[in-house]
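A quick write-up on the structure given underneath.
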Amino acid sequence: DAKTTQPPSMDCAEGRAANLPCNHSTISGNEYVYWYRQIHSQGPQYIIHGLKNNETNEMASLIITEDRKSSTLILPHATLRDTAVYYCIVLILLNQFYFGTGTSLTVIP
Amino acid sequence: GAVVSQHPSWVICKSGTSVKIECRSLDFQATTMFWYRQFPKQSLMLMATSNEGSKATYEQGVEKDKFLINHASLTLSTLTVTSAHPEDSSFYICSARDIGVSGINQPQHFGDGTRLSIL
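Heads up: the sequence lines are chains R and F, in that order.
Going by our numbering, the first sequence opens with residue 1, and the numbers climb by one from there.
Going by our numbering, the second sequence opens with residue 1001, and the numbers climb by one from there.
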């Protein structure tokens, strides 16, 4: 039931920006895009969410294309602690989240 | 920020026993909580939606008599794995959304999970 597609894995050098893409081509006009990450053996951690405008918080930036069919999560200065699985989720009915396979990000020293 | 607590964080028990997992929202109220299961190297799979004061809604393929859910208050939901067997061993995670924050777009907050091992 996941409505998103993400690359299975990515590497990023420590200190550089990590850009994680997500395709959600079937997204509806009122559906939000959420990003979470999961560090091994922990529960998912909320990062950011948005509808159509770009969003930024203390953790990351979210860039959503004008047609809303894809988005990119940007971690501006990746650290080793950012190594995790990142999930892009489109909220469906009744506030239920259906997780896709996510992107396993490895930050390399 | 909003905190969701799960207890226990780790449980090991014999096959055939029942195990109860608690999910609490510590600093907010939640009319709806969600239960997920995650097998090693796999993504989270939504099992059921827990509704305060009413019956839970189960996803297709999830046995409601096997996984009993009770949501008796606005801060507590419990998942009981009845007559657990080794194939029920998994990482169980709950989430909740703060009803005090307006807007259906508010994010869900996740607990740190319960690792269940059935011998």
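The beta-carbon is built from N, C-alpha and C at its ideal position, and this holds for glycine as well.
Hey, residue i and residue j are a contact pair by Cβ (cut 8 Å); roughly how many whole angstroms apart?
{"i": "residue 136 (chain R)", "j": "residue 85 (chain R)", "result": "With chain R running from 1 to 109 in the structure shown, residue 136 (chain R) is simply not present."}
{"i": "residue 1068 (chain F)", "j": "residue 1080 (chain F)", "result": "4 Å"}
{"i": "residue 75 (chain R)", "j": "residue 18 (chain R)", "result": "4 Å"}
{"i": "residue 1099 (chain F)", "j": "residue 1031 (chain F)", "result": "5 Å"}
{"i": "residue 95 (chain R)", "j": "residue 1097 (chain F)", "result": "6 Å"}
Please decide whether residue i counts as near chain F, where near means a Cβ-Cβ distance under 8 Å.
{"i": "residue 86 (chain R)", "result": "no"}
{"i": "residue 96 (chain R)", "result": "yes"}
{"i": "residue 44 (chain R)", "result": "yes"}
{"i": "residue 77 (chain R)", "result": "no"}
Cβ closer than 7 Å: which chain F residues qualify as neighbours of residue i?
{"i": "residue 24 (chain R)", "result": "The contacting residues do not exist; residue 24 (chain R) stays about 15 Å from chain F at best."}
Taking C-beta pairs closer than 8 Å, name the residues in chain F that residue i reaches, listed in chain order.
{"i": "residue 100 (chain R)", "result": "1043"}
Would you report the Cα separation of residue i and residue j, rounded to the nearest angstrom?
{"i": "residue 1066 (chain F)", "j": "residue 1095 (chain F)", "result": "20 Å"}
{"i": "residue 1105 (chain F)", "j": "residue 108 (chain R)", "result": "34 Å"}
{"i": "residue 1078 (chain F)", "j": "residue 16 (chain R)", "result": "42 Å"}
{"i": "residue 1036 (chain F)", "j": "residue 65 (chain R)", "result": "30 Å"}
{"i": "residue 1107 (chain F)", "j": "residue 97 (chain R)", "result": "10 Å"}
{"i": "residue 63 (chain R)", "j": "residue 99 (chain R)", "result": "20 Å"}
{"i": "residue 1054 (chain F)", "j": "residue 1033 (chain F)", "result": "12 Å"}
{"i": "residue 1120 (chain F)", "j": "residue 4 (chain R)", "result": "In this structure chain F extends from 1001 to 1119, so residue 1120 (chain F) is not present and cannot be described."}
{"i": "residue 105 (chain R)", "j": "residue 43 (chain R)", "result": "16 Å"}
{"i": "residue 1115 (chain F)", "j": "residue 1008 (chain F)", "result": "8 Å"}
{"i": "residue 35 (chain R)", "j": "residue 1029 (chain F)", "result": "23 Å"}
{"i": "residue 52 (chain R)", "j": "residue 88 (chain R)", "result": "15 Å"}
{"i": "residue 7 (chain R)", "j": "residue 83 (chain R)", "result": "15 Å"}
{"i": "residue 1076 (chain F)", "j": "residue 1090 (chain F)", "result": "21 Å"}
{"i": "residue 1003 (chain F)", "j": "residue 50 (chain R)", "result": "21 Å"}
{"i": "residue 11 (chain R)", "j": "residue 1082 (chain F)", "result": "42 Å"}
{"i": "residue 47 (chain R)", "j": "residue 1074 (chain F)", "result": "25 Å"}
{"i": "residue 28 (chain R)", "j": "residue 45 (chain R)", "result": "24 Å"}
{"i": "residue 80 (chain R)", "j": "residue 33 (chain R)", "result": "25 Å"}
Name the chain F residues that come within less than 9 Å of residue i, Cβ to Cβ?
{"i": "residue 40 (chain R)", "result": "Chain F residues near residue 40 (chain R): none, gap ~11 Å exceeds 9 Å."}
Just the chain R side, please: which residues come within less than 9 Å of residue i by C-beta, in chain order?
{"i": "residue 1099 (chain F)", "result": "Chain R residues near residue 1099 (chain F): none, gap ~11 Å exceeds 9 Å."}
{"i": "residue 1110 (chain F)", "result": "36, 38, 42, 43, 44, 45 and 46"}
{"i": "residue 1034 (chain F)", "result": "95, 96 and 97"}
Determine whether the Cβ of residue i lies closer than 8 Å to any Cβ atom of chain R.
{"i": "residue 1049 (chain F)", "result": "yes"}
{"i": "residue 1093 (chain F)", "result": "yes"}
{"i": "residue 1079 (chain F)", "result": "no"}
{"i": "residue 1046 (chain F)", "result": "yes"}
So residue i contacts chain R; which residues on that side make the cut at Cβ distance below 7 Å?
{"i": "residue 1120 (chain F)", "result": "Within the shown structure, residues of chain F are numbered from 1001 to 1119, placing residue 1120 (chain F) beyond reach of any answer."}
Please compile the residues from chain R whose C-beta is within a distance smaller than 8 Å of the C-beta of residue i.
{"i": "residue 1113 (chain F)", "result": "41, 42 and 43"}
| request: Give a yes or no on contact between the region 1008-1019 of chain F and the region 49-57 of chain R, applying the rule of three or more CB pairs nearer than 8 Å. | output: no
| query | Contact between the region 1015-1022 of chain F and the region 1037-1055 of chain F: three or more CB pairs below 8 Å? | reply | no
| query | Is the region 1047-1055 of chain F touching the region 1081-1089 of chain F in the sense that three or more CB pairs, one from each, lie closer than 8 Å? | reply | no
| query | Are the region 1060-1067 of chain F and the region 1109-1117 of chain F touching by the rule of at least three beta carbon pairs closer than 8 Å? | reply | no
| said: For the structure I just gave you, are there three or more beta carbon pairs, one from the region 1024-1035 of chain F and one from the region 33-47 of chain R, closer than 8 Å? | reply: no
| query | Can you find at least 3 beta carbon pairs, one from the region 67-87 of chain R and one from the region 21-29 of chain R, that sit closer than 8 Å? | reply | yes
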